[in-house]
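>
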């Protein structure tokens, strides 16, 4: 009888372990991403778009975001106000996404401007955010944005690579991809007001961020966007995460981007 009881106990133990392992395999992966930037991030709500894209995948990933942004804001502004830095130090984060104002970022490779007060402040803010992220083991991503033409885009791309190398970050080359998209589809379809991204442009950025942060390119699947697509003049406040600001909720419009359309988006992102 003792041998029978022992075998029964071992069988139950193996069953429990197998059930636990299966639960671990089937539980959705969860990631936390902190965004710091301005209207290029909040127009159309890039963080929510990334969450929706990750959730749409055959093996879905649950992404939680906190986003500290302001219209026309710079990384120096966000470092000085201290809210994003405090959030970064308050818990575990799987990624920190830094999006600088284009004109400020480009100055880093301009011999006439790199020593300006604003340019030096931007480099300092990149370094400070990256150093804070390093202390908590959070990878840093520089979201490289876009300019009005190829010459300006070249400056932005060079500047993004330069600052990323200095702070041990990975570049997400959104600007390069979106300028190429604008060459094919036209500026009006990519940057409707001449500055801010269209929905397809935001989806391209979300696709690149998914590849960088999740570690795999998304596959074409229907993506459900059931949140408000924020305009450039949204009443965003920099002193709290965008996700917690009730005035930004608006009237969500459920939009389903079909898998065929996502195939085009993914190709553009690559």
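In mature numbering (1 follows the signal peptide of the UniProt record, and there is no 0), the protein residues as written are -23 to -1, 1 to 247. All C-beta atoms in this analysis are idealised placements derived from N, C-alpha and C, irrespective of residue type, glycine included.
Evaluate contact between the stretch 42 to 51 and the stretch 184 to 199, counting only Cβ atoms and requiring at least three cross-stretch pairs below 8 Å.
No: the two stretches stay apart, fewer than three of their Cβ pairs being nearer than 8 Å.
> Counting only the same chain and skipping the five closest in sequence on each side, list residues whose C-beta sits under 7 Å from that of residue 26.
Only 179, 180, 183 and 202 meet the Cβ criterion.
> So, helix, strand or coil for residue 30, using DSSP?
If DSSP states are grouped into helix, strand and coil, residue 30 belongs with the helices.
> Nearest-angstrom Cα distance between residue 83 and residue 4?
Taking the straight line from one Cα to the other gives about 42 Å.
> Taking all protein chains shown into account, do 16 or more other C-beta atoms lie within 10 angstroms of the C-beta of residue 95, making it buried, or fewer, making it exposed?
Under this definition residue 95 is an exposed residue.
> So the candidates are 7, 16 and 52; which of them puts its Cα closest to the Cα of residue 32?
If we check each option's Cα against that of residue 32, 7 comes out closest.
> On the three-state DSSP scale, how would you describe residue 176?
Helix at residue 176.
> Do residue 155 and residue 174 have their beta-carbon atoms positioned less than 9 Å apart in this structure?
Going by C-beta atoms, residue 174 is nearer than 9 Å to residue 155.
> Who are residue 13's beta bridge partners in DSSP?
In DSSP, residue 13 forms a bridge with 45 and 75.
> Tell me, please, whether the stretch 208 to 222 touches the stretch 9 to 28 by the rule of three or more beta-carbon pairs shorter than 8 Å.
They touch, by the three-pair rule.
> Kindly provide the ranges of any beta strand (DSSP E) runs that are 3 or more residues long and lie completely inside the stretch 89 to 120, ordered along the chain.
Here the runs fully enclosed are 117 to 120.
> Can you tell which of 222, 38, 99 and 229 has its C-alpha closest to the C-alpha of residue 119?
The candidate whose alpha carbon is nearest that of residue 119 is 99.
> Mapping the DSSP letters down to three states, classify residue 138 as helix, strand or coil.
Residue 138: helix per DSSP, three-state reduction.
> Between which residues of its own chain and residue 204 is the CB-CB distance below 6 Å, once the five residues before and five after are set aside?
Excluding residues within five positions, the ones whose Cβ falls inside 6 Å are 22, 25 and 229.
> Under the three-state reduction of DSSP, which class applies to residue 132: helix, strand or coil?
It is helical.
> Please name the residue in 159, 128, 127 and 73 whose C-alpha comes closest to that of residue 189.
That would be 73, whose Cα lies nearest to the Cα of residue 189.
> Just to confirm my understanding: we take residue 239, look at its own chain, exclude 5 residues before and 5 after, and list those with CB closer than 7 Å. What are they?
Hits under 7 Å: 197, 198 and 200.
> Under DSSP, the alpha helix (DSSP H) around residue 207 begins and ends at which residues?
Note, residue 207: premise wrong, no alpha helix (DSSP H); not H, not E.
> Suppose contacts are defined by Cβ-Cβ distances below 9 Å. Is residue 56 in contact with residue 102 by that definition?
Closer than 9 Å, so yes.
> Using a Cβ-Cβ cut-off of 6 Å (strictly less than) and excluding sequence neighbours within five positions of residue 112, which residues of its own chain qualify?
The answer is none, since no qualifying residue turns up.
> Measuring alpha carbon to alpha carbon, tell me which of 37, 247 and 9 ends up nearest residue 153.
When only C-alpha atoms are compared, the closest one is 247.
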